[in-house]
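Shown next, in structure tokens, is the structure this report addresses.
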Amino acid sequence: MSIPFLWLFLSSWPLVAVFSHPHHPPTHLNRRGSSRGVPPQGFYDPRNGGGSWLTEVNDTFPIGLGEPLNVVLLGSSDPAVLVDQQNDGGLRNYFLSFGFAGECLGQHSGSDQEANLGDGRGYLNETAVMRYDYGDPTLGTCKETVEGGNHFRYWIQSGSSANSGAVFIASSYELPTQLHHDIIFNGYNFARDWLIGNATAQSTLIPTENLTNGTTFSGQTSYAGYVYQSNVQYVSGFLSNTSNGINHFLSVGANGTSAVDGLVAFVDVKILTAPSGASVKSPARPSARPSLFAIAVVLMSMLAAALFP
Ligand SMILES: *[C@@H]1O[C@H](CO)[C@@H](O)[C@H](O)[C@H]1NC(C)=O
Ligand SMILES: *[C@@H]1O[C@H](CO)[C@@H](O)[C@H](O)[C@H]1NC(C)=O
Ligand SMILES: *[C@@H]1O[C@H](CO)[C@@H](O)[C@H](O)[C@H]1NC(C)=O
Ligand SMILES: *[C@@H]1O[C@H](CO)[C@@H](O)[C@H](O)[C@H]1NC(C)=O
Ligand SMILES: *[C@@H]1O[C@H](CO)[C@@H](O)[C@H](O)[C@H]1NC(C)=O
Ligand SMILES: *[C@@H]1O[C@H](CO)[C@@H](O)[C@H](O)[C@H]1NC(C)=O
Ligand SMILES: *[C@@H]1O[C@H](CO)[C@@H](O)[C@H](O)[C@H]1NC(C)=O
């Protein structure tokens with residue numbers, strides 16, 4: 001089997017499953033709201049439903065500035081990953097696999113931002129804020145809160161008029177508390193790329209200034225026995241390459257660098273392996289899929305063995 005065919009197969013099978021089993025009994029996922037429908041590109045463009053690729057931040061000067069939704073976890077990802085929980089390999093476990101945990105001791109600090117994903121629900125506060133944990137999921141985010149670092153807010157596109165299940169992330173790299181949590185120079189683009197660099201286990205920094213429409217990265221991370229495969233593609237045309245309308249535009253964009261380079265990183269996430277016993281009770285996997293999943297795991301292992309002998 002050729003490698004391009006393998007990639008096609010791996011990237012298309014969850015969509016096939018979603019569209020070819022419209023009548024299977026409600027799964028854990030479907031019960032969250034009306035039934036999910038994932039368009040071919042893996043998300044609905046918020047602008048088509050009156051939304052925006054910028055968040056809304058209150059009390060900015062001038063008023064009305066926002067921050068970029070610069071990473072999207074596609075609705076075509078493994079359904080279990082898109083469930084907002086730490087159990088069963090869910091979203092919080094995936095975040096932990098690349099070093100992001102909930103806020104310090106469960107205390108919400110920092111201001112809320114609202115985003116409109118065009119899913120019929122209008123502007124909503126972020127679901128949660130996740131912070132880089134400096135290798136310590138329990139207390140590391142306290143260090144991030146005080147010393148600054150990478151963090152992100154996220155929203156899930158799950159309203160009835162655009163229920164893709166995609167997760168929209170606004171990432172930024174902030175300065176220490178005593179500097180009022182301003183964003184570092186180029187801190188939206190860098191935060192996106194350091195997040196993607198960690199999520200795809202890169203050994204070197206992603207070269208922010210050399211990214212173009214279509215650049216790809218992929219790699220694996222794991223946490224609590226779940227191994228995730230993240231395939232990333234950067235795409236332009238959703239965000240503008242600009243400093244106009246961007247929060248902290250004076251310090252983030254400077255000397256000819258736009259505060260936002262206009263690229264969004266789209267991530268397709270698959271669970272390659274689950275802890276023994278877990279896949280049996282995985283709630284989001286319809287009956288026809290375990291065998292396909294098993295085949296995919298075997299093929300991925302073969303590919304890995306071929307590429308990294
Ligand atoms: C921002 O301000 C508007 C108007 O005062 C208010 O309705 C909204 O809830 C505020 N949002 C946040 C996140 O504080
Ligand atoms: C968002 O949170 C703020 C408090 O930070 C609250 O005033 C506001 O009503 C919330 N907005 C929505 C849409 O729930
Ligand atoms: C991973 O994230 C940390 C914290 O943001 C950053 O210092 C590091 O450079 C990132 N690694 C890669 C490969 O991007
Ligand atoms: C970006 O591309 C240029 C030209 O190919 C190269 O010289 C430079 O080293 C690259 N930068 C990084 C950080 O990879
Ligand atoms: C970026 O590339 C995609 C193909 O991957 C293409 O459909 C799209 O039009 C390109 N965007 C821009 C702004 O050129
Ligand atoms: C922009 O350039 C000026 C003059 O070279 C320099 O003082 C300043 O630190 C630069 N700003 C950033 C954010 O790099
Ligand atoms: C953004 O625009 C600047 C010029 O303003 C250009 O140098 C840069 O390559 C653009 N970035 C992308 C990712 O298109």
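First residue of the sequence shown: 1, per UniProt numbering; consecutive thereafter. We treat Cβ as the ideally placed atom computed from N, Cα and C, and that holds for glycine.
- Checking the 8 Å criterion, the Cβ of Glu114 is within range of a heavy atom belonging to ligand 1.
- Here the distance from the Cβ of Asn213 to the nearest heavy atom of ligand 2 is not below 8 Å.
- Counting C-beta atoms within 10 angstroms of its own C-beta, Pro207 has fewer than 16 neighbours from the protein chains shown and is therefore classed as exposed.
- Rounded to the nearest angstrom, the gap between the Cα atoms of Ala274 and Leu96 is 15 Å.
- Taking 8 Å as the cut-off, one finds no heavy atom of ligand 5 near enough to the beta carbon of Gln86.
- Remark: the C-beta of Asp182 is outside contact range of ligand 7, defined as less than 8 Å to any heavy atom.
- Across the structure, Arg47 and Ser77 are spaced so that their CA atoms are roughly 22 Å apart.
- Ligand 5 approaches Val235 closely enough that one of its heavy atoms is under 8 Å from the residue's Cβ.
- Around Gly197, the same chain offers Leu205 and Ile206 as residues with beta carbons nearer than 7 Å, after the five sequence neighbours per side are excluded.
- Pairwise C-beta distances place the stretch 246 to 263 in contact with the stretch 177 to 197, as three or more of them are shorter than 8 Å.
- Going by beta carbons, Phe152 and Ala191 fall inside the 9 Å limit.
- Non-local beta-carbon contacts of Gly122 in its own chain, meaning distances under 7 Å to residues more than five positions away in sequence, involve Asn116 in chain order.
- DSSP places Gly187 inside the alpha helix (DSSP H), whose first and last residues are Gly187 to Ala199.
- Assigned with DSSP and collapsed to three states, Ser52 falls in coil, not helix or strand.
- Here His108 is not near Gly148, since their CB atoms are 9 Å or more apart.
- Gly140: member of the alpha helix (DSSP H) spanning Gly140 to Glu147, first to last residue.
- Here Ile63 is exposed: its Cβ has fewer than 16 other Cβ atoms, across all protein chains shown, within 10 Å.
- Shown here, Val252 sits in a helix according to DSSP, grouped into three states.
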